[in-house]
Amino acid sequence: MDNRKATLELGTKPVGKLLMQYALPAIIAMTASSLYNMVDSIFIGQGVGALAISGLAITFPFMNLSAAFGAAVGVGSSTMISVRLGQKDYSTALNFFGNCVSLNIIIGVVFACVSLLFLDPILLFFGASEQTLPYAREYMQVILLGNVVTHMYFGMNALLRAASKPRQAMYATIFTVVLNTLLDPLFIYVFDMGIRGAAIATILSQSIALAWQCRLFSNPSEIIHFERGIYLLKSSIVKNIIGIGMSPFLMNATSCLIVIMINKSLFAYGGDLAVGAYGIVHRISFLFFMVIFGMNQGMQPIAGYNYGAMLFDRMLQVLRYVIIGATVVATVGCLVSELLPYYCARLFTTDSTLISMAEHGLRVTNVTLPIVGFQIVVTNFFQSISKAKVSIFLSLSRQLLFLLPVLLVLPRFYQLDGVWLSFPISDTIAFLVAFAILWKYLRKITKQQKHRSNNG
Numbered sequence: 289m290d291n292r293k294a295t296l297e298l299g300t301k302p303v304g305k306l307l308m309q310y311a312l313p314a315i316i317a318m319t320a321s322s323l324y325n326m327v328d329s330i331f332i333g334q335g336v337g338a339l340a341i342s343g344l345a346i347t348f349p350f351m352n353l354s355a356a357f358g359a360a361v362g363v364g365s366s367t368m369i370s371v372r373l374g375q376k377d378y379s380t381a382l383n384f385f386g387n388c389v390s391l392n393i394i395i396g397v398v399f400a401c402v403s404l405l406f407l408d409p410i411l412l413f414f415g416a417s418e419q420t421l422p423y424a425r426e427y428m429q430v431i432l433l434g435n436v437v438t439h440m441y442f443g444m445n446a447l448l449r450a451a452s453k454p455r456q457a458m459y460a461t462i463f464t465v466v467l468n469t470l471l472d473p474l475f476i477y478v479f480d481m482g483i484r485g486a487a488i489a490t491i492l493s494q495s496i497a498l499a500w501q502c503r504l505f506s507n508p509s510e511i512i513h514f515e516r517g518i519y520l521l522k523s524s525i526v527k528n529i530i531g532i533g534m535s536p537f538l539m540n541a542t543s544c545l546i547v548i549m550i551n552k553s554l555f556a557y558g559g560d561l562a563v564g565a566y567g568i569v570h571r572i573s574f575l576f577f578m579v580i581f582g583m584n585q586g587m588q589p590i591a592g593y594n595y596g597a598m599l600f601d602r603m604l605q606v607l608r609y610v611i612i613g614a615t616v617v618a619t620v621g622c623l624v625s626e627l628l629p630y631y632c633a634r635l636f637t638t639d640s641t642l643i644s645m646a647e648h649g650l651r652v653t654n655v656t657l658p659i660v661g662f663q664i665v666v667t668n669f670f671q672s673i674s675k676a677k678v679s680i681f682l683s684l685s686r687q688l689l690f691l692l693p694v695l696l697v698l699p700r701f702y703q704l705d706g707v708w709l710s711f712p713i714s715d716t717i718a719f720l721v722a723f724a725i726l727w728k729y730l731r732k733i734t735k736q737q738k739h740r741s742n743n744g
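First residue of the sequence shown? That's 289 in my numbering, and the numbers climb one at a time after it.
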């Protein structure tokens, strides 16, 4: 199908079919991406040991911080490209693409250099102990050396979806997962490289996928493609990218801060294995979150295009579908966490103490999972339609405004249980806030539509 025709279909094709067309590949890709992270953890836990799982958990803030910069560029660029395509402004969309490429390279290199210079102090600040620091250091040294590849790989996938190529984005992710799954045991067991081998497998897989993504964008017949003259950073374009990307940036940066606090609290009240238990809980929960993120990625170009084209009925229709889907997925995640926590934890380790801690953590933290799905979708909806301030507030509310204060107070009274209880309490408050904000916006849109209809 002609690329321009595929883009125009965002405003004409039935919304349900469009969502399936865009969301299904994204869901498969995001689920595969989550499995790819789980595979790393499983091989590390089973092949290196329980403390290696804790060491890997210490690196989560690093991953969140790196993802924050990547999301600021990738999400901001893809959102603006979707809106510009909806407005038929193809030249500006192409310039957003070029600036996105340049920003990813610059940020990827700078982040890696600064982090490598201060790696040990940063990891200690993140909650590493004498026992877990060597594992975290070995893993992050390799990951940071390949950081620019990771930034470009995830950025290109976001741009593929914005350019009406969700299937290609899915193929890139699935390829990366499959190759990483094959390389993990090779580097960890056969080459006896331990946790460093898992990191090498990750970067090598992403590098090969990135080469294929770049080949796709080399076709000059596509609306979005590599072209001379689009890579010089322009202040107006960078400002728009960062303005929209600030919401996911703050969400991931806040996650970094929160995970640091969680790791420190867990270590204080439960030791290294409690940190490892959170690593397991995080991986299991993230599997369901990634399905929801996939739905959001499918929603983003549809909502963004129709908002730009002022087709508000279609915009709200895709929002309803995604809220329903996310709630169903999150409810399944809740049931798995409540009914099968032992089997989830056993995938990662044979250590009975670590399994017991992870079981308890899963049951407590994921009891409110169904309402978390709603909050995530609403946040991403406002991001998709360029409502940066609202999206930023909702991104911050769940973690920084609600989770952090509870996390600082509850453990003082309930020790380790207080850390786990902080999640469902803050999730409930964040859900109520997101519901109120969305309700207010829907009433505003309804009034605008009635006014437009009356004025004919």
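Ideal Cβ placement from N, Cα and C applies to all residues, glycine included.
Every value quoted in this text rests on a predicted model; they were computed, and no experiment measured them.
| Check | Outcome |
| --- | --- |
| Per-residue burial, Q494 [other beta carbons within 10 Å of its own, 16 or more giving buried] | buried |
| Stretch pair the segment 319-328 + the segment 571-578: three plus CB contacts closer than 8 Å | yes |
| For P454, the first and last residue of its enclosing alpha helix (DSSP H) | 454-473 |
| Integer Cβ distance of A618 from G661, believed to fall under 8 Å | 3 Å |
| Residues near N392 in its chain [Cβ-Cβ closer than 6 Å; skip 5 each side] | V361, H439, M440, G443 |
| Buried or exposed by the 16-neighbour rule on C-beta atoms within 10 Å, applied to P508 | exposed |
| Cβ neighbour criterion (16 or more within 10 Å) applied to T464 | buried |
| At least 3 beta-carbon pairs within less than 8 Å: the segment 540-560 vs the segment 623-632 | no |
| DSSP-derived helix/strand/coil call for L682 | helix |
| 8 Å Cβ cutoff met for G343 and F636 | no |
| 6 Å Cβ shell around L448 - same chain, five flanking residues per side excluded | Q456, A457 |
| Start and end residues, alpha helix (DSSP H) containing P409 | 407-413 |
| Local conformation of F348 per DSSP, three classes | helix |
| Rounded distance between the beta-carbons of V579 and A446, thought under 8 Å | The Cβ separation is near 17 Å, so there is no contact. |
| Nonlocal neighbours in the same chain, by C-beta distance under 7 Å from T734, ignoring five residues either side | none |
| Burial state of E418, where buried means 16 or more other Cβ atoms lie within 10 Å | exposed |
| Cβ pair G567, A345 closer than 8 Å | yes |
| Buried versus exposed, by CB contacts within 10 Å (16 or more), D290 | With a pLDDT of only 47 at D290, under the threshold of 50, the placement of this residue in the model should not be trusted; the figure read from the coordinates follows. It counts as exposed. |
| Given S553 as reference, the closest of M645, K453, L695, P589 once Cα atoms are compared | L695 |
| Buried or exposed (CB count within 10 angstroms, at least 16 for buried), S625 | buried |
| Alpha-carbon spacing of F577 relative to F537, whole angstroms | 17 Å |
| Rounded distance between the beta-carbons of S710 and N720, thought under 8 Å | The sequence shown places Leu at residue 720, rather than the Asn named in the question. Between S710 and L720 the Cβ distance is about 17 Å, and since that is not below 8 Å, they are no contact. |
| Cβ pair N668, Q588 closer than 8 Å | yes |
| Sub-8 Å separation of Q663 and A718 beta-carbons | yes |
| Euclidean distance between Cα positions of F612 and A633 | Going by the sequence as given, residue 612 is Ile instead of Phe. Their backbone Cα atoms lie some 29 Å apart in a straight line. |
| Where L353 sits in the DSSP three-state scheme | helix |
| Neighbour-count burial assignment, L521, 16 or more Cβ in a 10 Å radius | exposed |
| Of the residues A486, T319, P454, the one placed nearest L504, counting alpha carbons only | P454 |
| Own chain residues within Cβ distance below 8 Å of D560, not counting five before or after | L339, S342, S417, Q419, T420 |
| Own chain partners of N468 with C-beta closer than 7 Å, once the 5 adjacent residues on each side are dropped | Y324, V327, A489, T490, S493 |
| Separation of G582 from G304, as counted between CA atoms | 15 Å |
| Alpha carbon of A591 to alpha carbon of G337, nearest angstrom | 45 Å |
| Sequence-distant residues of the same chain with beta carbon closer than 7 Å to F514, five excluded per side | F505, S506 |
| S418, DSSP secondary structure in three states | The sequence shown places Glu at residue 418, not Ser. Reduced to three states, the DSSP call for E418 is coil. |
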